[in-house]
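Protein chains in written order, with full-length UniProt numbering: chain A, 1 to 306; chain B, 1 to 306; chain C, 1 to 306; chain D, 1 to 306.
Backbone N, C-alpha and C fix where the C-beta goes; we use that ideal spot for every residue, glycine too.
This structure is a prediction, so every number in the text was calculated from the model and none was measured.
Written below as structure tokens is the structure these notes are about.
Number of protein chains: 4
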Amino acid sequence: MTEPKSYKWFLDYLSPFEGHMHGIDTVVFSKQTQFQQVEILDTKSYGRCLVLDGKMQSSEVDEFIYHEALVHPAMFTHPEPKKVFIVGGGEGATLREILRHRSVERVLMVDIDQEVVESCKRHLPQWHQGSFDDPRAEVRYLDARKYLEETTDTYDIIIIDISEPVEEGPAYLLYTKEFYSLVMERLTSGGIISLQAGTTAATSLLNFSAVYQTLRTVFPVVSPYQAPIPSFGLPWGFALASKRFDPRALDEKEIDRRISQRLERELKYYDGETHVGQFFLPKQVRIQMEKQERIIEDNYPLFTYH
Amino acid sequence: MTEPKSYKWFLDYLSPFEGHMHGIDTVVFSKQTQFQQVEILDTKSYGRCLVLDGKMQSSEVDEFIYHEALVHPAMFTHPEPKKVFIVGGGEGATLREILRHRSVERVLMVDIDQEVVESCKRHLPQWHQGSFDDPRAEVRYLDARKYLEETTDTYDIIIIDISEPVEEGPAYLLYTKEFYSLVMERLTSGGIISLQAGTTAATSLLNFSAVYQTLRTVFPVVSPYQAPIPSFGLPWGFALASKRFDPRALDEKEIDRRISQRLERELKYYDGETHVGQFFLPKQVRIQMEKQERIIEDNYPLFTYH
Amino acid sequence: MTEPKSYKWFLDYLSPFEGHMHGIDTVVFSKQTQFQQVEILDTKSYGRCLVLDGKMQSSEVDEFIYHEALVHPAMFTHPEPKKVFIVGGGEGATLREILRHRSVERVLMVDIDQEVVESCKRHLPQWHQGSFDDPRAEVRYLDARKYLEETTDTYDIIIIDISEPVEEGPAYLLYTKEFYSLVMERLTSGGIISLQAGTTAATSLLNFSAVYQTLRTVFPVVSPYQAPIPSFGLPWGFALASKRFDPRALDEKEIDRRISQRLERELKYYDGETHVGQFFLPKQVRIQMEKQERIIEDNYPLFTYH
Amino acid sequence: MTEPKSYKWFLDYLSPFEGHMHGIDTVVFSKQTQFQQVEILDTKSYGRCLVLDGKMQSSEVDEFIYHEALVHPAMFTHPEPKKVFIVGGGEGATLREILRHRSVERVLMVDIDQEVVESCKRHLPQWHQGSFDDPRAEVRYLDARKYLEETTDTYDIIIIDISEPVEEGPAYLLYTKEFYSLVMERLTSGGIISLQAGTTAATSLLNFSAVYQTLRTVFPVVSPYQAPIPSFGLPWGFALASKRFDPRALDEKEIDRRISQRLERELKYYDGETHVGQFFLPKQVRIQMEKQERIIEDNYPLFTYH
């Protein structure tokens, strides 16, 4: 057998009966904020990690997969994204990926938890890479839903980069039909959103498939996709939803062409081949998604692990 | 946080610093055979599981993904597979998937560990589903490499379904250039092999990429691919290697057409869309694979976790 | 570091922040009864173990310490125990120790959970060693408190051998002032009771000290004591309460004399030296016990870990 | 069941098949020194802890038990200890307890690992409480055995406060007959030593009983004793060995009298009752100790967990 060499472990429970174990070197930061337990850990396999309420959010070693997968399919599907809104996005890496696009003129990031953002600014420099100082970027510490309800601004792209909907956490009202309808209203005419949508593991497809069906009640184009993020311990799903543009209409060459036109540098995870491949889901996932009838609503929210 | 509800756990160490935790109900079977520690566990998330030397081999809930992904890409890429050889294949599920193909006339499975096969026969009926009794199937308990060295028989398809190459385990000499050359010699003119090739996680691509490069020193066509098998705790890789036929030349429709022609029933994981999608690897995986220079040889074997 | 060699573990949580880990070989038996989750595990360090609601009850390797420590201080303090009552006692080992005493004429064991007793009878023969077949023994499957309320029988010794008072468990009303008063009424004039009373660890003395003070509101003689039971993971406490006889009045020689007179064979853990030594508690334990003001009542019960 | 509320754990493996789990808040300090891995952790149940090579050494909550149990039985058994030598003693708490004695004129502490001592000085102020600055104290960073071989100084008391003898660790040559003979030669005529001697758990008495028998080949008086230190996860043993004075000759009153004469303040764990009680060992421990024939020698050392 493989013999464990660590005696300090972070146990990331994926459900009450399953978890992923990370040997840890040290606890860089730990604090209970008004909204959640935030921790920054140095792990042996994945380097520095952000953990919220005991769940891995992103790791030094593979955050590039998560953030590139979250941001670029939407950005490159849009012909010329100028105004971008981020719901959540604490680490600043979603901001970083958006700002790579030359077309972007303004990014507004609204995260409810200032303490999380500030601890990320300080302890996760490899994530934000100075993005918070970009003159195109602005950060506000508010309830993103309330902000979107009150503003009349519209955006070309809205990226929803939040943790999973747990009962006591700040995120569950950002996964409902009502919220997606609001987001739709704040999009410009060719607007696109993307979001992480939970695991695509066969054992727990409820969240992913219900988010998919809920988005379909609001958006004409909904494209679920997945990316392998090893530190998450399970295969992971995302969804792109759009008023008009369909990401599956773009082939490898077109994506590669757009990358070379719009960015200064190549990416690490995302290119034309990755773009096209990510929309292929295993047959049983497709079937379960189509069969799903659960619609998530404010009065009927969905909590993971319940 | 998610609160664990189990107090009995199987800890599957993926490396000395990382593991996947499975809450267990019971230990169905446990024995140290001449070759390895074999265990059959009932877990809470994945049902019954086969564990060899402390490593998850396949689970009731998602073994269909592993076995369909291992078997069908090779089988459907071949125009008419009649004779098939399995290296290893203890659970009998690889045999099961092969026997679904009407064209198959004979399958020889050679597994070194009779006690593993017999415990699978007894305790994993959902895996083999009676395949061992199929008149086209034969099982021998021998060193598969030695058998292939001594036989002059040839096969259309050879499936290598073995555990990972650990120092004390029975498998590491089945991952070398010399073994792949031998396998190549035992193929018919359009012959194809496939094998599981370890995780595709960014943190530990050595095995997957070295197997890829080693296969390329022997076979003209080598197609690495991946499948998400949640119970493994990490994204997982496979490789198809072929004398002539290229799996990437087949589109979704052609695969779906062959499935409907050759099988009595549809599959659960694999279809045309799955076939095409599985060969798309993330950019950083492709780059690391191409850069890999390590060739695995009998005198320079590769052990995982060392 | 010490490298763990097991990958199957029973985690015995002693509190939400502390636990004891046991490498397991197999799960011999597992069932949710009407009252509790019962499990019989074979562990690598302590052999076979009984686990109720996830908590170690007794192990093959050191159950003799627990059961001798629970039974004999009371039995040998009494001049001639004839009639004995056991509250709980599922494994049958408390019964076994009582029956060693030649003076004993009748033992009535009342355990609420027939399924626990029957699984112990079947799977823990080294515990009961046939005691259930002794003509002096009788077992009834009832609520012991209700039974004692309704009977008018009296006993020389009452042994309370139950699991810890957890909120959802069957035991918490057997730890109250009202229950101890009832027990007192069912004792003969020189009657003695003994019970396990939770850990004596400095970090969690509430249960032990509150049981002590609660007993003192009912009994004239209360003697707390402790025994080291390695499989419990923490130092463990007991209490003897008595209408008249004081165990601390008996010196080593007198206990050794009584052992040789009353038993056929010597014991493994308990003798005169053990008897005298067990009543010496560390200074800080004594101080905390005396300072404790919590009295456990039916309307104000105490739950461990709450 | 008790539900764990921590997701960061320190796993203290007591053997390859047993461990004690501590929920951790943070890693205060972590370093591989020339001799060992040193870590200072803040745990949820035991506060700050010193961990060497993955093993708990002492915790904020119960270090007073360990250090009072290690130091005072020897100190109070001696009629007037003036010169004291500490082998090891990194945390400075052994020094602290010795310096409480008014009779002490000089304490020399020789610890091989300056980095451990300095990290304790900085991060464990509650342990040393400024003892390193006491004018009677001196610390040298040397191999204590080599130092004792080369010096001709003699001491009234020698306290051996070292970690367990593991194969790769610095301590195993401080557990042999040769070392104890050397220590004996460096004692004044009424000299006494004491040391921690490993667990007294029934499952792993080898170390404790072999240390006892090895000491008996050297010293005329050897008194093994135990103390319950909850954070260690198992009952723990010590030994006092003496040229002349016998600790068991002192009754509770005499110890209490000496405490009030010699110290300015009372202790927390140790008093007359604790002193007398600690020498009572359970019967099976006594028997196994007397039967033990293993003598630990330089050429035949003993390693725990092998």
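Quick one: grab the DSSP three-state call for residue i.
| i | result |
| --- | --- |
| GLN213(C) | helix |
| ASP156(D) | strand |
| GLU266(B) | coil |
| SER131(B) | helix |
| LYS83(C) | strand |
| LYS291(D) | helix |
| GLN37(D) | strand |
| LEU52(C) | strand |
| ALA201(D) | coil |
| ARG140(A) | strand |
| LYS44(B) | coil |
| ASP161(B) | strand |
| ASP12(A) | strand |
| SER59(D) | strand |
| GLU297(C) | strand |
| GLY272(C) | helix |
| GLY277(A) | helix |
Starting from the beta carbon of residue i, find every residue of chain C whose beta carbon is closer than 8 Å, and list them in chain order.
| i | result |
| --- | --- |
| GLU3(A) | GLU3, PRO4, LYS5 |
In chain D, which residues lie with their C-beta within 7 Å of the C-beta of residue i?
| i | result |
| --- | --- |
| PHE10(A) | TYR7, LYS8 |
| LEU234(C) | PRO230 |
Nearest chain G C-beta to residue i closer than 7 Å, yes or no?
| i | result |
| --- | --- |
| ALA171(B) | Protein chains A, B, C and D are contained in the structure displayed, whereas chain G is not. |
Grab the span of the alpha helix (DSSP H) containing residue i for me, first residue to last.
| i | result |
| --- | --- |
| LEU205(A) | First-last for LEU205(A): undefined, no H or E at that position. |
| LYS121(C) | 114-123 |
| VAL28(D) | Counting along the chain, VAL28(D) falls outside any alpha helix (DSSP H), though it belongs to the beta strand (DSSP E) covering 18-32. |
| TYR66(A) | 63-77 |
| LEU99(D) | 93-99 |
Is the distance from the Cβ of residue i to the Cβ of residue j below 7 Å?
| i | j | result |
| --- | --- | --- |
| LYS199(A) | GLN226(A) | Reading off the sequence shown, one finds Thr at residue 199(A), where the question assumed Lys. Against a cut-off of 7 Å, the Cβ pair of GLN226(A) and THR199(A) comes out as no contact. |
| ALA239(B) | LEU215(B) | yes |
| GLN10(D) | HIS123(D) | Reading off the sequence, residue 10(D) comes out as Phe, not Gln. No. Outside cutoff. |
| GLU105(C) | LYS121(C) | no |
| SER131(C) | LEU95(C) | yes |
| residue 309(C) | ILE159(C) | This structure gives no information on residue 309(C), because the portion of chain C shown stretches from 1 to 306. |
| GLY88(D) | TRP127(D) | no |
| HIS275(B) | ILE296(B) | no |
| MET56(D) | ASP113(D) | no |
| GLY233(C) | LEU14(C) | yes |
| VAL107(B) | ALA137(B) | yes |
For residue i, go through chain A and note every residue whose CB falls closer than 8 Å to its CB, in chain order.
| i | result |
| --- | --- |
| LYS283(B) | LEU267, LYS268, TYR269, TYR270, ASP271, GLU273, THR274 |
| GLY54(D) | TYR7 |
What residue does the beta strand (DSSP E) around residue i start on, and which one ends it?
| i | result |
| --- | --- |
| TYR225(A) | 221-227 |
| ARG145(A) | First-last for ARG145(A): 144-150, but that is the alpha helix (DSSP H), not the beta strand (DSSP E). |
| ARG106(C) | 106-110 |
| ALA239(D) | 236-242 |
Give the interface partners of residue i over in chain A, defined as CB-CB distance under 9 Å, in chain order.
| i | result |
| --- | --- |
| ASP25(D) | VAL27, SER30 |
Residues of chain B with CB under 7 Å from residue i, in chain order?
| i | result |
| --- | --- |
| ASP251(A) | Simply none; closest approach about 12 Å. |
Taking residue i as the query, report the chain B residues whose CB atoms sit under 8 Å from its CB, ordered along the chain.
| i | result |
| --- | --- |
| ALA239(A) | Ordered by position in chain B, no residue passes the 8 Å Cβ test against ALA239(A), which lies about 17 Å from the chain. |
What does residue i reach in chain B if we use C-beta pairs closer than 9 Å?
| i | result |
| --- | --- |
| LYS44(A) | SER15, PRO16, PHE17, GLU18 |
At 7 Å on the CB atoms, spell out the chain A contacts of residue i, in chain order.
| i | result |
| --- | --- |
| ILE296(B) | Result: empty, since nearest Cβ-Cβ is about 19 Å, beyond 7 Å. |
Counting only runs that start and end within the segment 172-198 of chain B, where is the alpha helix (DSSP H) found for 4 or more residues in a row? List check, alpha helix (DSSP H) in window: 177-185.
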